[in-house]
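Okay, so here's the structure we're looking at.
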Amino acid sequence: MKPTAQNLLEATLQDLHSLEGGLRRSYELCLPVVNKSSLQPEDDDTIETLTSRYARTIDRLVRKMFRTLDAFELETSGSLLDVVLRAEKRGLISSSEQVRLMTELHNEIVHDYTHSNLEDLFSDVMEYTPAVFEILEKTQGHAQKLLDKIPPMSA
């Protein structure tokens, strides 16, 4: 049986909550690393975990949750840009440019474009992550409001 839009939204919302928790833990573990003059080998593992969690969260947020919200609200499917522009209209993101930059960083992480300088990549992830938390909060709140409007099924 194909999941309903409600089931998909609930599952995606739960998934985002879980991803956010992991990203927050990694971000907090990396805060002391930010001001180090040189990274130690053990810092690489902490940074790798953060960058990986950042990439998974951005992917799930932009490609899954924003599209799931569109489907739930009966919006016509379209390009990723269309999806992002609708997220901007909903007030979930400050601008499509912000998400474009976050997605470009995701691509650098996932496709290993510029891992030659881990410190620059780490710096960018640390810079963007607070904005990701803000988007997650708005998006999760929006999704929960939509779910709360659904009347309970009678038995």
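Residue numbers (our numbering): 1 to 155. A virtual CB, placed ideally from N, CA and C, is assigned to each residue, including glycine.
Rounded C-alpha distance that separates residue i from residue j
i	j	result
Thr76	Val132	25 Å
Arg25	Ile47	12 Å
Leu105	Lys149	35 Å
Lys36	Glu119	11 Å
Gly141	Pro152	19 Å
Gln40	Thr51	17 Å
Met126	Pro32	11 Å
Leu8	Ser38	44 Å
Leu61	Glu73	16 Å
Arg90	Pro3	24 Å
Reduced DSSP secondary structure (H/G/I, E/B, other) of residue i
i	result
Gln144	helix
Asp112	coil
Arg90	coil
Leu74	coil
Beta-carbon proximity check, residue i vs residue j, cutoff 7 Å
i	j	result
Ala71	Ala5	yes
Leu19	Thr49	no
Thr129	Tyr27	yes
Ser96	Val84	yes
Gly22	Arg53	yes
CB-CB length for residue i against residue j, believed under 8 Å
i	j	result
Leu121	Ile109	7 Å
Local Cβ density within 10 Å of residue i, reported as buried at 16 or more and exposed below that
i	result
Val34	exposed
Asp124	buried
Leu81	exposed
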